[in-house]
Amino acid sequence: MDKVLAKRLLFIADAYGFLPRTHTGGRAAAGCEHAVHLLLEKVHASWQTREEDVVSLLILDVSGAFDNVSHRRLIHYLRKRRIPTPMVNWINSFLTGRSTCIKLLEVTSERFPTPISPILYLFYNADLLDIAMDEDGLRHGLVIGYIDDTSIMVNGRTTEELTKTLAMLHKRAEKWANQQPRGASQLDI
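Numbering (our numbering), first residue to last: 37 to 225.
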């Protein structure tokens, strides 16, 4: 993807809050270390409560993330996150019919669809981060995305409470994964 467009897309996403603020990776001042620090801070904060909450983490990894994204679904997610239409149209045009191959020394690979850039993937799986928001009054701790990896930290008073919460979140994650068109990325838990 054109570097200028990627920078503009990232600026728009950050300036207008089009992505969850805990979706790190591929963003300025939001690398892997940032994600780890957020998780550690939440764990320590949970341990400091009077109730001494139990903390658990559900880690989700999307396998084949960049090369198996449904372009049609990506365009839908860009529109859903209010990316300007001219930019969405340019991205759609860029992705349509594009393929690439890799050449190493004397060997050239078969052509394959062009993988998307990390910034586009942040939009593609932003809804996966949204599944764990506190819509049911549950005591979710923190949801962090690092490009194609998502960590959902929950805290509660008992292990049984966490098990129920994590099972419910797991079902939501599976529902998100199953909404993706066939051949699109698969969710590894």
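Glycine is no exception: its CB is placed at the ideal position from the N, C-alpha and C atoms.
- Around the beta carbon of residue 76, fewer than 16 other beta carbons sit within 10 angstroms, so the residue counts as exposed.
- In the three-state reduction of the DSSP assignment, residue 48 falls in the helix class.
- The segment 176–192 makes contact with the segment 87–99; the number of CB pairs closer than 8 Å reaches 3 or more.
- Note: residue 191 is bridge-paired with 91 in the DSSP secondary-structure output.
- For a cut-off of 8 Å, the C-beta gap from residue 58 to residue 180 is around 5 Å, short enough to register as a contact.
- For residue 154, the enclosing alpha helix (DSSP H) begins and ends at 154–160.
- Excluding sequence positions up to five before and after residue 82, its CB lies within less than 7 Å of the CB of 89, 91, 177, 191, all in the same chain and listed in chain order.
- For residue 115, the CB contacts under 7 Å within the same chain, skipping 5 residues up- and downstream, are 124 in chain order.
- Taking a C-beta distance under 7 Å as the contact criterion, residue 150 and residue 132 do not qualify as a contact pair.
- DSSP places residue 145 in the coil class of the three-state scheme, outside both helix and strand.
- By the criterion of a C-beta distance shorter than 6 Å, residue 45 is surrounded in its chain by 155, once the five residues flanking it on both sides are discounted.
- If you look at residue 111, you'll find it in the alpha helix (DSSP H) that goes 107–116.
- Residue 80 and residue 73 have their C-alpha atoms spaced approximately 10 Å apart.
- Spanning the alpha carbons of residue 164 and residue 203 requires a straight line of approximately 15 Å.
- Per DSSP, residue 150 is not a residue of any alpha helix (DSSP H), being assigned neither H nor E.
- Residue 182 is not a Cβ neighbour of residue 53, given a cutoff of 7 Å.
- Per DSSP, the continuous alpha helix (DSSP H) segment holding residue 130 begins and ends at 121–131.
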